[in-house]
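First comes the structure, then the notes that go with it.
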Amino acid sequence: MTANLPDSPQPDANRLRNLLIAIVAIVLAVVFALGLKTQTSSASLPAMAKASVPLDVALRNDKPTLMEFYADWCTSCQRMAPEMAELKETYGDRVNFVMLNVDNEKWLPEIVAYRVDGIPHFSYLQANNEPVAQAIGEQPEKVLEENLIALVDGQTLPIAMAQGETSAYTPPNATKTVQKSTPDDPRAHGSQVKG
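Numbering (full-length UniProt numbering) for the sequence shown: 1 to 195.
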């Protein structure tokens with residue numbers, strides 16, 4: 001005895017369902033991959049530092065300079081890296097972007113001279129290398145850009161001193177490179193220096 005089974009559209013429906021699942025899976029994989037790609041910053045601090053203008057070149061080329069004191073471990077520096085890369089791309093032909101790693105002892109004289117006590121620390125220098133402003137900690141891209149525009153134009157920087165979130169940083173013992181203060185030096189706080 002043979003059972004008479006009705007024709008079932010099930011095999012075709014299963015194929016169609018499987019095809020739709022496969023298409024949705026491919027679309028989701030592509031969307032996910034593109035999402036990861038846009039969230040991953042290509043601006044790493046070491047790569048940016050390697051591509052930055054060397055300090056000695058910046059001090060000789062008659063262009064204004066934005067000097068950033070940073071460290072690879074500095075989370076504030078890392079968060080700002082994509083914005084700094086964008087600013088360099090836009091203004092790099094008119095402004096030197098110099099990056100000095102505070103963990104490198106060779107920059108100790110600059111750390112002392114620019115009084116770096118938190119990072120990121122930004123120093124703005126005119127084309128004649130005269131410091132005109134500084135900013136400490138994370139800065140909004142808009143603030144940095146407005147200052148860069150003014151720096152390029154030789155104008156007073158609109159936000160000459162700014163303080164944002166910093167990464168903890170204690171400058172190394174700089175007594176070897178710091179000159180002794182004199183009684184009329186404001187850092188002496190009235191003390192007499194014996195030499």
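No residue lacks a Cβ here, since even glycine has one placed at the ideal position from N, Cα and C.
Nearest chain B C-beta to residue i closer than 8 Å, yes or no?
i, result
"ALA49", "Among the protein chains of the structure shown there is no chain B, as only one such chain exists."
Beta-carbon separation of residue i and residue j under 8 Å?
i, j, result
"VAL102", "GLU68", "no"
"GLU89", "LEU100", "no"
"CYS74", "ILE119", "yes"
"ASP72", "LEU45", "yes"
"residue 248", "TYR91", "Since the first residue shown for the chain is 1 and the last is 195, residue 248 is missing from the structure and cannot be characterised."
"SER76", "GLU138", "yes"
"ARG94", "VAL152", "yes"
For residue i, does the three-state DSSP call read helix, strand or coil?
i, result
"PRO131", "strand"
"LEU157", "coil"
How big is the Cα-Cα spacing for residue i and residue j?
i, j, result
"ASP56", "ASN96", "11 Å"
"ARG115", "PRO54", "20 Å"
"SER41", "ALA113", "Its pLDDT being 47, under 50, SER41 is placed unreliably in this model, and the value from its coordinates should be taken loosely. Straight-line Cα distance between these residues: approximately 32 Å."
"PRO11", "ILE23", "18 Å"
"GLN155", "HIS121", "21 Å"
Report task. Quick one: which unbroken beta strand (DSSP E) runs of 3-plus residues sit fully inside the UniProt domain "Thioredoxin" (34-153)? Chain order, please. Result -> Within the UniProt domain "Thioredoxin" (34-153), the complete beta strand (DSSP E) runs of at least 3 residues are 65-70, 96-101, 121-125, 131-136.
**Report entry** Contact the stretch 138-152 vs the stretch 84-91: 3+ CB pairs below 8 Å
**Finding:** Taking a cut-off of 8 Å on C-beta distances, the stretch 138-152 touches the stretch 84-91, as three or more cross pairs fall below it.
Query raised in the report: How do the stretch 51-71 and the stretch 124-131 stand: do at least 3 beta-carbon pairs fall below 8 Å, yes or no?
Result: Yes, since at least three Cβ pairs between the stretch 51-71 and the stretch 124-131 fall closer than 8 Å, the two stretches touch.
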